[in-house]
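These notes are about the structure you will find just below.
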Amino acid sequence: ILLFFTSVAKAFPGNTNSDSVIRHDLQHPVIARYVRIVPLDWNGEGQIGLRIEVYGCSYWADVINFDGHVVLPYRFRNKKMKTLKDVISLKFKTSESEGVIFHGEGQQGDYITLELKKAKLVLNLNLGINQVGSIYGHTSVMTGSLLDDHHWHSIIIERHGRNINLTLDRHMQHFRTNGEFDYLDLDYEITFGGMPFSGKPSSNSRKNFKGCMESINYNGNNITDLAKRKKLEPSNLILQNKEAYRIKDDDLDLSLNKIKMKKMFRSYQGSL
Numbered sequence: 001i002l003l004f005f006t007s008v009a010k011a012f013p014g015n016t017n018s019d020s021v022i023r024h025d026l027q028h029p030v031i032a033r034y035v036r037i038v039p040l041d042w043n044g045e046g047q048i049g050l051r052i053e054v055y056g057c058s059y060w061a062d063v064i065n066f067d068g069h070v071v072l073p074y075r076f077r078n079k080k081m082k083t084l085k086d087v088i089s090l091k092f093k094t095s096e097s098e099g100v101i102f103h104g105e106g107q108q109g110d111y112i113t114l115e116l117k118k119a120k121l122v123l124n125l126n127l128g129i130n131q132v133g134s135i136y137g138h139t140s141v142m143t144g145s146l147l148d149d150h151h152w153h154s155i156i157i158e159r160h161g162r163n164i165n166l167t168l169d170r171h172m173q174h175f176r177t178n179g180e181f182d183y184l185d186l187d188y189e190i191t192f193g194g195m196p197f198s199g200k201p202s203s204n205s206r207k208n209f210k211g212c213m214e215s216i217n218y219n220g221n222n223i224t225d226l227a228k229r230k231k232l233e234p235s236n237l238i239l240q241n242k243e244a245y246r247i248k249d250d251d252l253d254l255s256l257n258k259i260k261m262k263k264m265f266r267s268y269q270g271s272l
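Numbering (the UniProt record's numbering), first residue to last: 1 to 272.
Encoded structure:
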């Protein structure tokens, strides 16, 4: 028997003779620089022979830093996204106990929000309401604790209709959403690191995420890679008098010898 150390220790039974081969396929991939394997038992004569072959792939991670002011929007090609199935995965680490990890919403009342509240992970989901308001689909699920420990945590959200699997650090929680609808209708974009200002009270009271994310994947789209190749445009949102002003990174040119800024602004003060 071997003890395999990951974030959760796991034991694997070995063979009972010198010829047979025992194979174990991991349910989730292990990302590590070093792996520690401890033999727990061997034959009664006190002799031990150990041969292990581990198969995997090289791993490169691109980390995106969020300072609490920047959000990363992924805009849909068709402006609207209607899905029966969703798979969203990412890794994050932070020392903050509050912050929106990602958010998307639609004009029909649909929304999906993953955020930290009191260092716990909260998923808020609504697959829509009918016109008379008799179907209320808001669903909220909380999992984990002490997630502001500045260690990496992995998240996988798998949705098929109203059936949801929420996996945090390899611990899966299954639930069904409220309401009667199966499709998630989102408009324009899904934002990572926070939520854009929409005029709703809920968007103004929530903090943006402050920390790091990597391996962001939304329905087969590698968001981290798109951001690396500058296919996505990070945005700062400045809120003033219930209006939002979007500042684009390409408007700011910084070099060692000069700073050139091109901005449109409105001010109620006499100095800039």
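Cβ atoms here follow ideal geometry from the backbone N, Cα and C, with glycine treated the same way. For clarity, every value in this text was computed on a predicted model and none was experimentally measured.
Chain-order list of residues whose beta-carbon lies under 7 Å from that of residue i (same chain, five-residue window excluded)
| i | result |
| --- | --- |
| T224 | D62, I64, E214, S215 and I216 |
| G56 | none |
| D110 | N126, L127, G128, L184, D185 and L186 |
| Q108 | G128 and D185 |
| Y218 | Y74, I88 and I190 |
Proximity test, residue i beta-carbon vs the ligand SAM heavy atom, cut-off 8 Å
| i | result |
| --- | --- |
| D41 | Absence of the ligand SAM from the depicted structure is noted, as is the absence of any ligand whatsoever, leaving it without description. |
Euclidean distance between Cα positions of residue i and residue j
| i | j | result |
| --- | --- | --- |
| P201 | T139 | Low per-residue confidence applies at P201: pLDDT is 47, beneath 50, and the placement is therefore not dependable, though the value from the model is reported in the following sentence. Roughly 19 Å between the two C-alpha positions. |
| I155 | S89 | 5 Å |
| H174 | Q27 | 17 Å |
| V35 | V87 | 28 Å |
| G106 | W60 | 34 Å |
| H24 | F12 | 8 Å |
| G220 | V21 | 35 Å |
| D41 | M172 | 30 Å |
| P196 | V71 | 8 Å |
| E129 | R77 | Per the sequence shown, the amino acid found at residue 129 is Ile instead of Glu. Approximately 25 Å, taken between the alpha carbons. |
| D67 | C212 | 9 Å |
| G144 | N124 | 15 Å |
| K85 | K228 | 26 Å |
| H153 | L116 | 12 Å |
| G194 | Y188 | 15 Å |
| H103 | K91 | 16 Å |
| G137 | T177 | 7 Å |
| N163 | T113 | 16 Å |
| residue 278 | S205 | Examination of residue 278 is not possible in this model, given that the chain is present from 1 through 272 alone. |
| V38 | T94 | 31 Å |
| D19 | N208 | 57 Å |
Residues bridged to residue i [DSSP beta-bridge criterion]
| i | result |
| --- | --- |
| I190 | Y74 and G104 |
| N221 | Y218 |
| V122 | E115 and M142 |
| D185 | K82 |
| T129 | Note on identity: in this sequence residue 129 is Ile, with Thr being the wrong assignment. The partner list for I129 (beta bridge, DSSP) is empty, contrary to what the question assumes. |
| H171 | L168 |
| I156 | S89 and T167 |
| N208 | V100 |
| R176 | N163 |
| M213 | I64 and F92 |
Sequence-distant residues of its chain with Cβ nearer than 6 Å to residue i (five each side left out)
| i | result |
| --- | --- |
| E243 | Since pLDDT at E243 reaches only 34, below the 50 mark, its modelled position is unreliable, and no value is offered. |
| K120 | M142, G144 and S145 |
(request) Only counting runs of 3 or more residues, tell me where the beta strand (DSSP E) segments fall wholly within the stretch 63-96, in order along the chain. (result) Given a length threshold of 3 residues, each whole run of the beta strand (DSSP E) inside the stretch 63-96 is given here in chain order: 63-67, 70-83 and 85-93.
(request) Just list the beta strand (DSSP E) runs in the stretch 17-50, keeping only unbroken ones of 3 residues or longer that don't cross its boundaries, in chain order. (result) Within the stretch 17-50, the complete beta strand (DSSP E) segments of 3 residues or longer fall at 37-39, listed in chain order.
(message) Pairs of beta-carbons, one from the stretch 44-62 and one from the stretch 171-182, closer than 8 Å: are there three or more?
(response) The answer is no - the stretch 171-182 does not touch the stretch 44-62, with fewer than three Cβ pairs under 8 Å.
(message) With a threshold of 8 Å, are at least 3 pairs of Cβ atoms found where one atom belongs to the stretch 97-116 and the other to the stretch 146-162?
(response) Yes, since at least three Cβ pairs between the stretch 97-116 and the stretch 146-162 fall closer than 8 Å, the two stretches touch.
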